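For the sequence shown, our numbering begins at 3 and goes up steadily by one.
Here a beta-carbon is modelled for each residue, glycine too, at the ideal position from N, C-alpha and C.
The model shown is predicted, which means the values in this text are computed figures rather than measured ones.
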Amino acid sequence: ALSAKHHLSAAVMYAQESPYMGSLFHNPQYNNRTIDNPTTQKVFAIDASYNLRMADVDLSVTAFLHSRRDGVDVQRSYDDLATIFSDVVTTDISTLGYGVELASEVRLARKWRMALALGAGRYLYSDNPLVSHYSDTDNSLVARSESLMDGRYVGGAPQLNGSATITYLDYS
Numbered sequence: 003a004l005s006a007k008h009h010l011s012a013a014v015m016y017a018q019e020s021p022y023m024g025s026l027f028h029n030p031q032y033n034n035r036t037i038d039n040p041t042t043q044k045v046f047a048i049d050a051s052y053n054l055r056m057a058d059v060d061l062s063v064t065a066f067l068h069s070r071r072d073g074v075d076v077q078r079s080y081d082d083l084a085t086i087f088s089d090v091v092t093t094d095i096s097t098l099g100y101g102v103e104l105a106s107e108v109r110l111a112r113k114w115r116m117a118l119a120l121g122a123g124r125y126l127y128s129d130n131p132l133v134s135h136y137s138d139t140d141n142s143l144v145a146r147s148e149s150l151m152d153g154r155y156v157g158g159a160p161q162l163n164g165s166a167t168i169t170y171l172d173y174s
C-alpha cells in the first residue's frame, strides 16, 4: 500500500497442466493408441494492478500477460483428400495474451451503486503448431505439416469488452 487510498499489487504464476484425457488418445472409443511424446502444457502469467479507494469511488487499473506453450489437441474427422477417417493430432500449440482492464465502482447514493468495467487485450497464437493426420483404422501417419498460426488471433477471445451495472441495495 502506498497510502490508505493508493494500493499497488502484482501476481506471478507458473504452472504445468497435463493434457485433457480426450487429447491423449487418438480415438479412445476403440483404440488404445496414445499421442507421441505427451507433455505438460506450460503456463506463465503476470499481472500488476493499481487501486484507488475514495469515499464515493473505487478505481482499478490492471495490466496482464499470459503465455501457454506445448498445448495439444486431438480431433477426429473425415479426410476428403485421403478418403479415410482420421485422427488429427495438433501439438506445440502456443498462445500469448496481454492487455489492460479498467474497473470502477461509484456509490451514487446510500442505496445506489454503479459499476463500470472495460477490458482491451490481444490474444494471439505465438508459434506454428505441428499437425499430424493418422489413419483411424491402423494408426499409420497419413500427413504431417506445420500450421502457420504464429501471430494470428485466437478465435472466440474478445479484443474489447465492457460492462455497466446499476444496483439498488435495500437492507431493510
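Burial state of residue i, where buried means 16 or more other Cβ atoms lie within 10 Å
{"i": "R70", "result": "buried"}
{"i": "V59", "result": "exposed"}
{"i": "M2", "result": "Outside the displayed span of the chain (3 to 174) sits residue 2, for which this structure offers no information."}
{"i": "V14", "result": "exposed"}
{"i": "V102", "result": "exposed"}
{"i": "P21", "result": "buried"}
{"i": "Y170", "result": "exposed"}
{"i": "T93", "result": "buried"}
{"i": "I95", "result": "buried"}
{"i": "G153", "result": "exposed"}
Three-state secondary structure (DSSP) of residue i
{"i": "G121", "result": "strand"}
{"i": "M23", "result": "helix"}
{"i": "I37", "result": "coil"}
{"i": "Q18", "result": "strand"}
{"i": "D81", "result": "strand"}
{"i": "H8", "result": "strand"}
{"i": "Y173", "result": "coil"}
{"i": "R112", "result": "coil"}
{"i": "A3", "result": "coil"}
{"i": "R154", "result": "coil"}
{"i": "Y127", "result": "strand"}
Beta strand (DSSP E) segment containing residue i, residue limits
{"i": "A50", "result": "43–55"}
{"i": "I86", "result": "86–109"}
{"i": "H135", "result": "132–137"}
{"i": "N163", "result": "162–170"}
Residues that DSSP places opposite residue i in a beta bridge
{"i": "R71", "result": "K44"}
{"i": "N141", "result": "DSSP lists no partner for N141."}
{"i": "V59", "result": "V108"}
{"i": "S147", "result": "V133"}
{"i": "A13", "result": "D49"}
{"i": "A65", "result": "A50, V102"}
Cβ separation of residue i and residue j, assumed to be a contact under 8 Å, to the nearest whole Å
{"i": "V91", "j": "S51", "result": "So it is not a contact: roughly 39 Å between Cβ atoms."}
{"i": "N141", "j": "H9", "result": "Between H9 and N141 the Cβ distance is about 56 Å, and since that is not below 8 Å, they are no contact."}
{"i": "T97", "j": "L126", "result": "7 Å"}
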